[in-house]
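Just below is one structure, and these are the notes that go with it.
Protein chains: 6
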Amino acid sequence: MKDINLNISDIANILTEQSRQEAWSSHHCDIPMPSIRVLSEIMISLRAVLFPGYFGLSKVTTKNMNYHIAAKLDSITSSLCEQIMCGHCFDCSGDKSGDSICINCEKNAKELCLQFMRRLPEIRRLLSTDVEAAFDGDPAAKTHGETVFCYPSLKALINHRVAHELYNLGVQIIPRIIAEMAHSETGIDIHPGATLGERFFIDHGTGTVIGETCIVGRNVRLYQGVTLGAKSFPKEGSSEQLAKGLARHPIVEDNVIIYAGATILGRVTIGEGSVIGGNTWVTTDIPKKSSVFHKDQPIIKSV
Amino acid sequence: MKDINLNISDIANILTEQSRQEAWSSHHCDIPMPSIRVLSEIMISLRAVLFPGYFGLSKVTTKNMNYHIAAKLDSITSSLCEQIMCGHCFDCSGDKSGDSICINCEKNAKELCLQFMRRLPEIRRLLSTDVEAAFDGDPAAKTHGETVFCYPSLKALINHRVAHELYNLGVQIIPRIIAEMAHSETGIDIHPGATLGERFFIDHGTGTVIGETCIVGRNVRLYQGVTLGAKSFPKEGSSEQLAKGLARHPIVEDNVIIYAGATILGRVTIGEGSVIGGNTWVTTDIPKKSSVFHKDQPIIKSV
Amino acid sequence: MKDINLNISDIANILTEQSRQEAWSSHHCDIPMPSIRVLSEIMISLRAVLFPGYFGLSKVTTKNMNYHIAAKLDSITSSLCEQIMCGHCFDCSGDKSGDSICINCEKNAKELCLQFMRRLPEIRRLLSTDVEAAFDGDPAAKTHGETVFCYPSLKALINHRVAHELYNLGVQIIPRIIAEMAHSETGIDIHPGATLGERFFIDHGTGTVIGETCIVGRNVRLYQGVTLGAKSFPKEGSSEQLAKGLARHPIVEDNVIIYAGATILGRVTIGEGSVIGGNTWVTTDIPKKSSVFHKDQPIIKSV
Amino acid sequence: MKDINLNISDIANILTEQSRQEAWSSHHCDIPMPSIRVLSEIMISLRAVLFPGYFGLSKVTTKNMNYHIAAKLDSITSSLCEQIMCGHCFDCSGDKSGDSICINCEKNAKELCLQFMRRLPEIRRLLSTDVEAAFDGDPAAKTHGETVFCYPSLKALINHRVAHELYNLGVQIIPRIIAEMAHSETGIDIHPGATLGERFFIDHGTGTVIGETCIVGRNVRLYQGVTLGAKSFPKEGSSEQLAKGLARHPIVEDNVIIYAGATILGRVTIGEGSVIGGNTWVTTDIPKKSSVFHKDQPIIKSV
Amino acid sequence: MKDINLNISDIANILTEQSRQEAWSSHHCDIPMPSIRVLSEIMISLRAVLFPGYFGLSKVTTKNMNYHIAAKLDSITSSLCEQIMCGHCFDCSGDKSGDSICINCEKNAKELCLQFMRRLPEIRRLLSTDVEAAFDGDPAAKTHGETVFCYPSLKALINHRVAHELYNLGVQIIPRIIAEMAHSETGIDIHPGATLGERFFIDHGTGTVIGETCIVGRNVRLYQGVTLGAKSFPKEGSSEQLAKGLARHPIVEDNVIIYAGATILGRVTIGEGSVIGGNTWVTTDIPKKSSVFHKDQPIIKSV
Amino acid sequence: MKDINLNISDIANILTEQSRQEAWSSHHCDIPMPSIRVLSEIMISLRAVLFPGYFGLSKVTTKNMNYHIAAKLDSITSSLCEQIMCGHCFDCSGDKSGDSICINCEKNAKELCLQFMRRLPEIRRLLSTDVEAAFDGDPAAKTHGETVFCYPSLKALINHRVAHELYNLGVQIIPRIIAEMAHSETGIDIHPGATLGERFFIDHGTGTVIGETCIVGRNVRLYQGVTLGAKSFPKEGSSEQLAKGLARHPIVEDNVIIYAGATILGRVTIGEGSVIGGNTWVTTDIPKKSSVFHKDQPIIKSV
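Chains as they are written, first to last, in my numbering: chain L, 1 to 303; chain V, 1001 to 1303; chain S, 2001 to 2303; chain H, 3001 to 3303; chain G, 4001 to 4303; chain F, 5001 to 5303.
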């Protein structure tokens, strides 16, 4: 590409052309794309209605919170409904270049949004168990409130439990964006498809990855750098191609603890009550109430 | 929970009830909760007074910085004092539901805040040694200024050295929030209780965790993914329950280097001048001037 | 340091004095320092011209994007030119304390900025291949657009490909700041000096580090926690001191896959088409089309 | 004053000294002064609860407005209460320099604020009659809504009816600030002490002044540049000194129209149903159902 | 109305009920109301495209302005189109309570908006003559640019010439809102229906009012406090009721000057080249090239 | 002008061409134009240093104000210096199209700015007398502080006394912009050239105009709608053309009161201690201690 002496106008034309040529690279219909800024505001509001006082207006008390929750719920409903519609149109934007609002899309989005809003009390209930689990699981935690205020685990779980509901309702793209917001903020990367039971807690959390088809039981605790991933590493000679949508991530049963840096790959089951040690590499089923650790002993020499 | 046909008003009522039922879940007295937004502004201002020009107003020079530092210090004092009081009230909010400002709390907060402000020159002095250490420790660093501008290590240490002073003064909840801000921004998770000596440096840093009762000496360098944690992994058959507040994290003596991904657990001592290799797993004392590495050799096959 | 009874004014004076004493610690000439806020706005605008609709104004369509791209390019040019000049002055600020604008610096900055702008179409072309690679490489990706919207890999690569061009043009400090912005947002730490081929993809990405002198081929895929670093760990008894600027990071040839947590250190070459397994530790050349994995088997006991 | 060679620091010291020397010129106690910014936000919120949709959130409909009104009322209560207290402290700041919050002041402020909030429905009812009057009184008005959206009269009356209630409750300084906000926005200057009946309307309004002790009846219409002032102009030889607080402004009875530029001075009564012509100068009582006009005929010459 | 002991919730309910009861008082359909905030942003953008550099981005030069004008035009088109539709729905909101977007309304709004945009060059041409007139007409003006930057006349005329085009196109409510914005900012109140010729200038301007059916010729100059109004003042005994929409304001022919405080009422014609003196009261036709002044001589006495 | 079927791109081109064709209409060199936004921020800061607590940070007390004043003064100096330079370049932009920063301009601007800053204590002293005058002159004023907080007179005088100093220093365009800001906010239009003595007060103020060459003595009080203008109205047959820069506005001696709506035109002198009645029209010298009133008596009839 000869780029000597291009001026602003030329560069703009080339960039425009590049965006136009690729079907996926930008929008062809009049419905705007989902807006990361708007979705970010929605999540800020959702945090404020789920844990009033901790997030949003710090002056909220038990006496006056009802007014603010109702107002925020109304605003969330209106914004989220629009984003759900944008998300739907975005996903089909490569296929056709419709010019008018799809009436069904709009109706659909409203219905999906309403269904989601009705799930908020259940989301709140689950998060409340997560708060308990965090308090119980970290010797450094002094109050329940501290775990809401300061723990990346809870921030990641608010986003996840919201994204997971939207994912289950079949909402397009939006759940992924919400999950990635939490990933960016906390270093915890949970795919919205993952199913997480009550009382879930991830301590520290940076680098932990939980894959799309994971199923995690009740009262499970993870640490930083844990991977619950797909066994995509080809064994000797084999060529196992991962088909999309297959169950390919671990099942973790109730009351399991997985320490920092452990890697669990493939559709294996970690049995109830097991403890997986740090830095271990697990690619097979683990029986109930097992303890798994690695045998590696470092070599120590004097310098 | 039957959630068919709930409208905004119903959902708001349920969420409000949920927040009211749990003692910890929101505020019962009239003092507002600590505000993450305000604390975030305080940290922005503190960075600007500690490293004027790098953070805050980019036009500050050695000639005019005094005016801006003084004005910011005054604003910080006023905001921080309020947050310290909110933090105190927050921590006792579950126990009693007082309705009026606790006069002692307010006085206390002022006194604590003032004591903290007087420690700023010492915090600045320590951070200055950290800048030197970063410059000396990274072959890619070209100027001292670059390490202030671009290194996550310094950002994490500004927050830590501030949070640690507040922690030592007995300030509630606020130090944890400040620490978590740095964790979110840098991926480096240092508990405000940890004691870190001069000339501390963490290269890259993502995923590094330093526990509450760690004591780290002078001139220590860490890399990404290092854990200085508690040995909470139960040995075979044993059941060591971690009591809160016990010294449970490593002591790292002067001039130690710990490479990426090393895990050091429990109240062990890493002797002066030792080098801990990457990916090692250390749960015992290491003598002075040792070098520790893991013996793992990968298996290489042709595909 | 006796700090009893210091008031705001005293503390400001001490902090000012501390900043003045250290040559690096703040600015001595009248050119302002580079501004992280302004550079952050520049990156927001650059994302919007490279992927209009995804970033920036969500209402942009293929019909109207040209206007907005041109206007943003003009604003970017003006802001970036100023920052490049500030970056240059920053780097020489310790040496001399000039009082007037260096005319050559200003001219130079304009020329460098213009050269950078002309490289944008090439940057866009490379990123377009990265989008393809992300879509092909992740079974969870449903549309190309999703990889632009949600994948930290692409965000890190936008910043990197921009920073790398500026680095190649000899721009001071600015490339590092841009790289660190992506590091903070994604947990992916790529030094602006690293050379990355087409179709590059990092899945999840948290904790991945790519060093300054890395050379990465075409169609390479990485996962989270991968280190492409310098072999700074001293072997037994040896004392290899890393000289600045030497080629000290790996060469990764085309079509290589490196799984989560792998550590590759030193100026070694990973041969074309090889697969490096998770958690491996590689410090030697790897022949083409090899598969590397670690032999570690965990020990499993019942609790 | 010798001001050669003053630098920033000197100038700051002089300005500080000037502010300190004058009892009134700044604050001596720890309660902050009333904040114009906060009061401005309060008025924005009050407009939004009184005329939802017109002011504030444009998406509000009759279905969802209740949530937003309640949340805004709660926020207004909290902010206004604080400002009322600041206003009280401000007014006594010249007299004593108390250092602690006056407990009575705080209680008082809460009580006054609550009493004001309870008057909002009555304020709304009065404003509703003003809207009717504006629609009936201006041949250019096409809908009632237009008079809410576009008429300075209504904006001035919202502020006035709010300020008048606060004035009646004995709130210090705040009512004047609110009145001046409307003056700045509309050019209509109504003292908060003025008593205005239902269905009040001022067309165009710029330059209209209504004094503190005015009493205006029902269904009165004014135009721009009307003065309802005090007869402070000394007649020949006389020297009538205006004592503070005396009734010194006109009484305007029901159904009066006063055209542009009319000046009515002193405690005179404009009788029911009268019409005061433009540019007239009235300093005596006017009987009921009078029409008053000036006899001035211009002189016309050809140039 | 008994308002003792009302709490926030009760007050919110009453206010909601009040807004619901009055047909005009708020919105009944799902199309949001016109937004003063959005319209204000549109006017800021329109000023920036009509006089680039003076308004909006101060760095715009003749070289780069094209990009910014195009981008702003596109944004204006999109926002204005939406506001035009909201304005239409607003005006019919009292009559029916439609629930879905009127497809015709949307199409109509787009068409009207496009027609308006095409008139911008003509609006710019007219305003350019107004700038010339301001420079020629004020001995205090030193450069043409000064009249754009500082003269309320031009600000009022930008809004008026924009609002007048929209008014002519039949756009509802929006033109009035735009006119009132200028009124609030400048104290000059021009009804969007008024027809103003080239080279129009109002010096100082505060309090000047120009009515809906005024027709003003070329090169006319006004001063502050001038009223071009309707003769609504009933003559002795008469009862002339103003019918809506009738031509009821003055016709001012070319090259007329009207000095401060002059009042001209009714459908009279001020003949070409006439000069109307300050404070005069004119309710009859004035022949061409007349000079009109009032004969009032003040009485002077020594105190 | 044929405007059918123009699209955005065409309209942008025409508007650009229009701006390019007129010498005055936009900028030809690289120095940006003065920025109304920046100047507005400068005035906000200046108000805060002149009356700390009233404007700006409401928490400022006599104890801590020194820090904030110094920091603001430094920021003002830097911004104002830049605007002064922009103002200079703006005024010569029509004549030549220089491409580089005029070194002399920059130096000059710094010097002018510094001289202005040194005048701030004198400006503050004058304003302090204005506060006294406002308190003494308005029976409705209850405290001195109220006159600072609420009186448009003081806001207009802060801007005027600042603008007048800049005007005297020969600063281009900036003083006019500052004056117009006050005009827009208060309806009081004072040309920056006007010389106003101590203890100046304008009650209500809307519509008052004070011309460029006015000289006003000590302790003068004005009301709304007063004009101190040029006698530009041609007397019968005469043709007095106003030359630019001539002394053409009134001289008002000490202790004069001028009531609402009075018009004083031409270089006449209002003698010491005189009282000018409302609505009077004065075009001749008035002896000392005169009282002037108009003889107009309205005609009163019953309807």
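Glycine included, C-beta positions come from ideal geometry on N, C-alpha and C.
Per DSSP, cross-strand counterpart(s) of residue i
| i | result |
| --- | --- |
| Arg-5221 (chain F) | F:Phe-5201, F:Ile-5257 |
| Trp-1281 (chain V) | V:Thr-1263 |
| Ser-1290 (chain V) | L:Ser-302 |
| Ile-1210 (chain V) | V:Ile-1190, V:Leu-1228 |
| Ile-5215 (chain F) | F:Thr-5195, F:Ile-5251 |
| Phe-3055 (chain H) | H:Pro-3052 |
Reduced DSSP category for residue i - H, G, I as helix; E, B as strand; rest coil
| i | result |
| --- | --- |
| Phe-5149 (chain F) | helix |
| Asp-5095 (chain F) | Note that Asp-5095 (chain F) scores 43 on pLDDT, short of 50, meaning its location in the model is unreliable and no value can be drawn from it. |
| Val-268 (chain L) | coil |
| Asp-30 (chain L) | coil |
| Gly-2087 (chain S) | helix |
| Gly-3237 (chain H) | Its pLDDT being 43, under 50, Gly-3237 (chain H) is placed unreliably by the model, and nothing is read from it. |
| Gln-1018 (chain V) | helix |
| Asp-138 (chain L) | coil |
| Pro-1192 (chain V) | coil |
| Pro-4250 (chain G) | coil |
| Phe-5116 (chain F) | helix |
Amino acids of chain G, ordered along the chain, whose beta-carbon sits closer than 7 Å to that of residue i
| i | result |
| --- | --- |
| Tyr-331 (chain L) | Absent from the model: residue 331 (chain L). The displayed extent of chain L is 1 to 303, so no value can be given. |
Cβ neighbours of residue i in the same chain (closer than 6 Å, five flanking residues each side left out)
| i | result |
| --- | --- |
| Ile-1123 (chain V) | Arg-1161 |
| Val-3282 (chain H) | Ile-3264 |
| Pro-5234 (chain F) | With a pLDDT of only 46 at Pro-5234 (chain F), under 50, the local geometry of the prediction cannot be trusted, and no value is derived from it. |
| Phe-2135 (chain S) | Ala-2141, His-2144, Thr-2147 |
Residues near residue i by beta carbon distance below 8 Å, same chain, minus five either side
| i | result |
| --- | --- |
| Leu-3050 (chain H) | Leu-3120, Ile-3123, Arg-3124, Leu-3127, Ile-3158 |
| Ile-5173 (chain F) | Pro-5034, Gly-5087, Phe-5090, Asp-5091 |
Amino acids of chain G, ordered along the chain, whose beta-carbon sits closer than 8 Å to that of residue i
| i | result |
| --- | --- |
| Ser-3045 (chain H) | Under the 8 Å cutoff, chain G gives no residues; its nearest Cβ is about 12 Å from Ser-3045 (chain H). |
| Lys-2059 (chain S) | Ser-4078 |
| Asp-1955 (chain S) | This structure cannot speak to residue 1955 (chain S), because chain S is shown only from 2001 to 2303. |
Cβ-based neighbour list, residue i, same chain, cut-off 7 Å, excluding 5 preceding and 5 following
| i | result |
| --- | --- |
| Lys-72 (chain L) | Ser-45, Ala-48, Val-49 |
Partner residues on chain H for residue i, Cβ-Cβ distance less than 8 Å
| i | result |
| --- | --- |
| Ile-1069 (chain V) | Per Cβ cutoff of 8 Å: no residues; Ile-1069 (chain V) is ~13 Å from chain H at best. |
Chain-ordered neighbours of residue i on chain V, where CB pairs are closer than 8 Å
| i | result |
| --- | --- |
| Asp-5285 (chain F) | Under the 8 Å cutoff, chain V gives no residues; its nearest Cβ is about 51 Å from Asp-5285 (chain F). |
Cross-chain neighbours of residue i in chain F, by beta carbon under 8 Å
| i | result |
| --- | --- |
| Gly-3273 (chain H) | Val-5303 |
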